[in-house]
Amino acid sequence: MNIKVEEEEEVKEDGAEVEEQYQRIIENRKQRRKWWKEGILEDMMDELWVAAGVTYSAELAYEELKKKGKRSMEEIVPAEFHKYRKVFSEEESHRLPEHKPYDHTIDLKPDAPEMIQSKVYPMSVNEQEELDQFLEENL
Numbered sequence: 001m002n003i004k005v006e007e008e009e010e011v012k013e014d015g016a017e018v019e020e021q022y023q024r025i026i027e028n029r030k031q032r033r034k035w036w037k038e039g040i041l042e043d044m045m046d047e048l049w050v051a052a053g054v055t056y057s058a059e060l061a062y063e064e065l066k067k068k069g070k071r072s073m074e075e076i077v078p079a080e081f082h083k084y085r086k087v088f089s090e091e092e093s094h095r096l097p098e099h100k101p102y103d104h105t106i107d108l109k110p111d112a113p114e115m116i117q118s119k120v121y122p123m124s125v126n127e128q129e130e131l132d133q134f135l136e137e138n139l
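When the count follows my numbering, it moves up by one through the sequence shown with no breaks and lands on 139 for the last residue.
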């Protein structure tokens with residue numbers, strides 16, 4: 001009996017070789033997933049397509065989209081919204097807005113702590129562990 005796998009490799013069920021082949025496939029997948037998370041691999045669409053069950057027509061549409069390349073903001077956004085372009089610019093996001101007459105200050109107490117350890121909402125132990133793990137990996 002032969003089992004077809006993603007890597008187009010035939011796995012033959014004939015004793016100890018099977019376990020070795022499966023382990024090699026599993027390690028390969030773990031390594032690709034790790035590279036994807038680290039940003040080394042940019043496109044894992046093939047693996048994602050298998051999981052999502054993409055249709056042939058969707059695959060063809062994706063190929064056509066890749067051929068067209070990236071479109072500029074002017075092509076994507078309707079003309080009537082171009083006057084708001086400044087709101088979304090990278091350059092504008094790096095500075096604060098100008099002061100207005102209606103700006104007000106928030107006076108803090110001089111003896112207030114710099115940071116307060118508190119949660120916005122209570123979490124279960126599992127949720128807190130997941131959050132801590134996510135923050136540790138991504139920050």
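By construction, the Cβ of each residue, glycine as well, lies at the ideal position given by its N, Cα and C atoms.
(1) What distance in whole Å lies between the Cβ atoms of Glu-92 and Lys-83, which are believed to be in contact at a cut-off of 8 Å?
(2) Just verifying my parser: in three-state terms, what is the DSSP assignment at Ile-106?
(3) By DSSP, does Ile-161 sit in helix, in strand, or in coil?
(4) So, with DSSP's three-state summary, where would you put Ser-121?
(5) When you compare each of Pro-78, Glu-38 and Glu-17 to Leu-139 by their alpha carbons, which one comes out closest?
(6) For my contact list, Met-123 and Leu-131 are in at a C-beta cut-off of 8 Å; report their separation, rounded to the angstrom.
(7) Within its chain, find whatever has a CB closer than 6 Å to the CB of Arg-29; leave out the 5 residues flanking it on each side and keep chain order.
(8) Please report the residue range of the alpha helix (DSSP H) in which Tyr-62 lies.
Walking through what the data contain:
(1) Not confirmed; about 14 Å, so no contact.
(2) coil
(3) A query on residue 161 cannot be resolved here, the shown segment of the chain reaching from 1 to 139 and no further.
(4) Here residue 121 is Tyr; the residue named in the question, Ser, does not match the sequence. In the structure shown, Tyr-121 sits in coil (DSSP, three-state: anything other than H, G, I, E or B).
(5) Glu-38
(6) 7 Å
(7) none
(8) 56–68
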